[in-house]
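> Heads up, the sequence shown is in my numbering, so the first residue is 285 and it goes up one at a time.
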Amino acid sequence: ERVDASWAVAGAQTVDLTVMYDNGCMQVAPQLSVNVNPAPAISCPANQTIQTSNNGTGDCTADATFTNPLDLNGACDPQTLTLSVNSGTASTITQGTSNTQTLDLGINTLSFVITDGGGNTDNCSFTVTVEDDEAPMPACTDVTAEFNGEDELTITIAELYDDASSTDNCGVVNLVSPTIDQLVTCD
285 ERVDASWAVA
295 GAQTVDLTVM
305 YDNGCMQVAP
315 QLSVNVNPAP
325 AISCPANQTI
335 QTSNNGTGDC
345 TADATFTNPL
355 DLNGACDPQT
365 LTLSVNSGTA
375 STITQGTSNT
385 QTLDLGINTL
395 SFVITDGGGN
405 TDNCSFTVTV
415 EDDEAPMPAC
425 TDVTAEFNGE
435 DELTITIAEL
445 YDDASSTDNC
455 GVVNLVSPTI
465 DQLVTCD
């Protein structure tokens, strides 16, 4: 017959096993030694800030590289480590290996959960902030203006800047300074 037991303290435990038979007889078995493994424990990498240019140019993502956590307590096998990004679907990963995740602009939360063979768990999370460090690419046009002695010469923003052809790796380009205050004199 199976006997289940549990211990609140991890480590080596000595147990006196008493067997009671159906006929009422009792027998004390030799001491039984068991080793109780602790629950798993993991520690996450430090928070990171990375730039969009770290994986090339022209996109709005960046590659975060870190080492997956290891069980720190020696919990019982089998152990399973999972990773989810921004509360997405968790995937099983290998403890202690290098990991690279391509992440979107903004604050990304990476969450690990370790589960041991006894169903005990531990978890930790860290953040990776992706910043856009790539300048927008304005589409500007060279303008040649003929000055025929007039008092004033007017050039419009539309003649100098093509809003529709301007690009940015993370979205729309907005013209910030639409005025030209430059006086040209002919003395």
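Virtual Cβ for every residue (Gly too), placed ideally from N, Cα, C.
1) Please report the Cβ distance between Thr411 and Ile398, rounded to the nearest whole angstrom; I am assuming they are in contact, meaning their Cβ atoms lie under 8 Å.
2) According to DSSP, is Ser449 part of a helix, a strand, or is it coil?
3) Which of the three DSSP states is assigned to Ile439 in this structure?
4) Between Gly403, Thr349, Asp388, Cys454, which has its C-alpha nearest Cys328's C-alpha?
5) Since Ala374 and Pro322 should fall inside the 8 Å C-beta cutoff, what is the C-beta to C-beta distance between them, to a whole number of angstroms?
6) Given this structure, state the Cα-to-Cα distance separating Ala448 from Cys454, to the nearest angstrom.
7) Compute the distance between the beta-carbons of Val457 and Glu443, then report whether it is under 7 Å.
8) Using 10 angstroms around the beta-carbon of Asp435, count the other beta-carbons present and answer buried if the total reaches 16, otherwise exposed.
9) Three Cβ pairs or more, each shorter than 8 Å: is that satisfied between the stretch 329 to 348 and the stretch 361 to 368?
10) Helix or strand or just coil, what does DSSP make of Leu459?
11) Under 6 Å: does the beta carbon of Asp406 sit that close to some heavy atom of the ligand ATP?
12) Exposed or buried, Phe396, counting other C-beta atoms within 10 Å across all chains shown (16 or more means buried)?
13) Which stretch, first to last residue, makes up the beta strand (DSSP E) that contains Ser375?
14) Could you compute how far the alpha carbon of Gln385 sits from the alpha carbon of Asp452?
15) If you draw a straight line from the C-alpha of Thr421 to the C-alpha of Ile377, how long is it?
On the basis of the data shown:
1) Contact doesn't hold; Cβ gap of about 19 Å is too wide.
2) helix
3) coil
4) Thr349
5) The pair is not a contact, with the Cβ atoms about 23 Å apart (cut-off 8 Å).
6) 15 Å
7) No, the pair does not count as a contact, with Cβ atoms beyond the cut-off.
8) Result: exposed.
9) no
10) coil
11) Looking at this structure, you won't find the ligand ATP or any other ligand, since it has none at all.
12) Around the beta carbon of Phe396, 16 or more other beta carbons sit within 10 angstroms, so the residue counts as buried.
13) 375 to 377
14) 23 Å
15) The residue asked about is misnamed: residue 421 is Met in this sequence, not Thr. Looking at the two C-alpha atoms, the distance is approximately 39 Å.
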